[in-house]
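Student: One structure is given below, represented as structure tokens, and several questions about it will come after.
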Amino acid sequence: MHAWAQLDTWQLMTIAAALGFASGLRLYAVLFIVGAAGSLGWVPLPPGLEVLAHPLVLAASGFMCAVEFFADKIPAVDTLWDAIHTLIRIPAGAALAAGVFGDQSPAALTLAAAILGGTLAAGSHLTKSGSRAVVNTSPEPFTNWAASFTEDVAVGGLLWLAFAHPAAALAALAVLVALVIWLLPKIWRTLRRMFARIAGWFGVARPARP
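Just add 145 to the spot in the sequence shown (first one is 1) and you have our numbering.
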């Protein structure tokens, strides 16, 4: 593992992007995994992220990680959880990405990282929450569990790649972003049809398009 100060700017930006994207899926897992890795000496954390290794922060993030792990496995509860965290995951993703550079880096780099991290967190969060809303229309829970466990593995794998193999993480991020861009319009169209069908059950007329 390279020392933090020896990483190139593109490697740091890759880590920032990975933190942002993963935060949109599992914010508390990201906080706990990064903090634990720093506390155990597996990863040298930058000053902006060292607070994640504090025992109190680790205890809080570990507790919330466990809560989120189980809440995300329960149909309908996961959708409510996602809706609440729309206001949390996106700014947190931006803050974590900015923390990779911190106060000791040029302000432009820190701001760019924050924008990148927040945007990726928004994309992954919207894709996750939208796809879960669609999956939850199925009465069986197994599809939901499969989707949730896939997200767990994806977050852990992406974080490991980001710190151990930034080039591979960059390639993985490119694939994931392409998948988000491809999926979001399809999810939006499916949700619109679902809402229109539900509105029809209650006799609510669908507004005519201009």
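Glycine residues also receive a C-beta, built at the ideal position from the N, C-alpha and C atoms.
Mapping DSSP to helix, strand and coil, what is residue 192?
Tutor: Position 47 of the sequence shown, counted from the first residue, corresponds to residue 192. Of the three classes helix, strand and coil, the one that applies to residue 192 here is helix, per DSSP.
Student: At the level of alpha carbons, what is the spacing between residue 353 and residue 316?
Tutor: What you label residue 353 is simply residue 208 of the sequence shown in a count that begins at 1. What you label residue 316 is simply residue 171 of the sequence shown in a count that begins at 1. The pLDDT assigned to residue 353 is 47, lower than 50, so where the model puts this residue is not dependable, and the model offers no usable value.
Student: Which residues in the same chain as residue 147 place their Cβ atom closer than 6 Å to its Cβ, once the five residues preceding and following it in sequence are excluded?
Tutor: Here the question's residue 147 lines up with position 2 in the sequence shown. In this prediction, residue 147 has a pLDDT of 41, which is less than 50 and means its spatial position is unreliable; what the coordinates show is noted afterwards. Within the same chain, residue 147 has no close Cβ partners at all.
Student: With 16 as the cutoff for other CB atoms within 10 Å, does residue 192 come out buried or exposed?
Tutor: Taking the sequence shown and counting its residues from 1, the one referred to as residue 192 is at position 47. Classification of residue 192: exposed, given that the 10 Å Cβ count is below 16.
Student: By Cβ distance, which residues of its chain are closer than 6 Å to residue 188, with the 5 residues on each side in sequence left out?
Tutor: The residue labelled residue 188 in the question sits at position 43 within the sequence shown. Same-chain partners within the cutoff: 182 and 308.
Student: Throw me the rounded Cβ distance for the residue 263 and residue 164 pair, which I believe falls under 8 Å.
Tutor: As a position in the sequence shown, residue 263 is number 118, starting the count at 1. As a position in the sequence shown, residue 164 is number 19, starting the count at 1. Rounded, the Cβ-Cβ distance is 11 Å, inconsistent with contact.
Student: Would you please state the rounded distance, in angstroms, between the beta carbons of residue 169 and residue 234? I believe it to be under 8 Å.
Tutor: In the sequence shown, residue 169 corresponds to position 24, counting from 1. In the sequence shown, residue 234 corresponds to position 89, counting from 1. The pair is a contact, with the Cβ atoms about 5 Å apart (cut-off 8 Å).
Student: Which class does residue 289 belong to by DSSP, given the choice of helix, strand or coil?
Tutor: Locating residue 289 in the sequence shown gives position 144, where the first residue counts as 1. Three-state DSSP puts residue 289 in a helix.
Student: What's the gap between the Cα of residue 350 and the Cα of residue 195?
Tutor: For the purposes of this step, residue 350 is taken as the residue at position 205 of the sequence shown. For the purposes of this step, residue 195 is taken as the residue at position 50 of the sequence shown. Only weak support exists for where residue 350 lies, its pLDDT of 49 falling under 50; the value from the coordinates is given anyway. When rounded, the distance between both Cα atoms is 54 Å.
Student: Measuring straight from C-alpha to C-alpha, what distance separates residue 322 and residue 199?
Tutor: As a working note, residue 322 is residue 177 in the sequence shown. As a working note, residue 199 is residue 54 in the sequence shown. Answer to the nearest angstrom: the Cα atoms are 32 Å apart.
Student: Could you name the residues of the same chain whose beta carbon sits closer than 7 Å to that of residue 156, not counting the 5 residues immediately before and after it, in chain order?
Tutor: Translated into the one-based positions of the sequence shown, residue 156 becomes position 11. Cβ neighbours of residue 156 beyond the five flanking positions: 311.
Student: Just to check my reading of the structure: residue 272 and residue 328 have Cβ atoms closer than 8 Å, yes? What is that Cβ distance to the nearest angstrom?
Tutor: The sequence position of residue 272 within the sequence shown is 127, counting from 1. The sequence position of residue 328 within the sequence shown is 183, counting from 1. That belief holds up - the Cβ atoms of residue 272 and residue 328 are roughly 5 Å apart, short of 8 Å.
Student: Closest to residue 302 by CA distance: which of 171, 215, 277 and 158 is it?
Tutor: The residue labelled residue 302 in the question sits at position 157 within the sequence shown. Considering only alpha carbons, the answer is 171.
Student: Classify residue 320 as buried or exposed, calling it buried when 16 or more other Cβ atoms lie within 10 Å of its own Cβ.
Tutor: Walking along the sequence shown from the start, residue 320 turns up at place 175. Under this definition residue 320 is an exposed residue.
Student: Please check the pair residue 241 and residue 325, which I expect to be a contact at CB under 8 Å, by giving their CB distance rounded to whole angstroms.
Tutor: Translated into positions along the sequence shown, residue 241 becomes position 96. Translated into positions along the sequence shown, residue 325 becomes position 180. Going by Cβ atoms, the distance from residue 241 to residue 325 rounds to 18 Å, so no, they are not a contact pair.
Student: Quick one: what does DSSP say residue 220 is sitting in, helix, strand or coil?
Tutor: Numbered from its first residue, the sequence shown carries residue 220 at position 75. Reduced to three states, the DSSP call for residue 220 is coil.
Student: Ends of the alpha helix (DSSP H) at residue 283?
Tutor: Translated into the one-based positions of the sequence shown, residue 283 becomes position 138. Note, residue 283: premise wrong, no alpha helix (DSSP H); not H, not E.
Student: Hey, out of 178, 201, 278 and 230, whose CA is closest to residue 336's CA?
Tutor: Against the sequence shown, residue 336 aligns to sequence position 191. The candidate whose alpha carbon is nearest that of residue 336 is 278.
Student: Which stretch, first to last residue, makes up the alpha helix (DSSP H) that contains residue 187?
Tutor: As a position in the sequence shown, residue 187 is number 42, starting the count at 1. That residue, residue 187, is in no alpha helix (DSSP H); it is neither H nor E in DSSP.
Student: Using three-state DSSP, classify residue 199 as helix, strand or coil.
Tutor: What you label residue 199 is simply residue 54 of the sequence shown in a count that begins at 1. Correct three-state label for residue 199: coil.
Student: Give every residue of the same chain whose Cβ lies closer than 7 Å to the Cβ of residue 300, excluding the five residues on either side of it in the sequence, and list them in chain order.
Tutor: Here residue 300 corresponds to residue number 155 of the sequence shown, with the count starting at 1. If we look at residue 300 and ignore the five residues flanking it on each side, its Cβ neighbours are 167, 170, 171, 174 and 175.
Student: Within the continuous alpha helix (DSSP H) that includes residue 238, where are the two ends?
Tutor: Working through the sequence shown from its first residue, we reach residue 238 at position 93. Start and end: 231-246.
Student: Apply the 10 Å Cβ neighbour rule to residue 162 and answer buried if 16 or more other Cβ atoms are within range, or exposed otherwise.
Tutor: For the purposes of this step, residue 162 is taken as residue 17 along the sequence shown, with counting starting at 1. It is buried - the Cβ of residue 162 has at least 16 other Cβ atoms within 10 Å.
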